[in-house]
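Residue numbers (our numbering): 1 to 99.
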């Protein structure tokens, strides 16, 4: 149920910087960033569920949980950067083509 609140907030967080950064103006990169955010949220839900199934405290995670959280965070950052870099390259290429 919280995903119904989190995903629109991610979408809003992607739309607002689009005014300042031309690479985020097309709909494709914004949709890809929202998809990355939704996948990260699903991964977080899985992580917390896995932690609960192991009987682990939410505030005192063990090493496997910390490793999984770090992997989830690094994957999310890498995918987000890949989307932004690809969008920037596309924007620069189209700007060169117009000249």
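We treat Cβ as the ideally placed atom computed from N, Cα and C, and that holds for glycine. Fair warning: this is a prediction, and the values are worked out from it, not measured in the lab.
Check	Outcome
Could you check which residue in 79, 71, 42 has the C-alpha nearest to that of residue 30?	79
Among the residues of its own chain, which have a CB less than 6 Å from the CB of residue 37, if the five just before and after it don't count?	10
Report yes if the C-beta distance between residue 22 and residue 91 is below 8 Å; otherwise report no.	yes
Can you look up residue 57 in the DSSP assignment and give me helix, strand or coil?	coil
Who are the Cβ neighbours of residue 62 in its own chain at under 7 Å, not counting the five residues just before and after it?	56
For residue 76 and residue 19, what's the separation of their Cα atoms in angstroms?	23 Å
Return the first residue and the last residue of the alpha helix (DSSP H) that residue 9 is part of.	3-18
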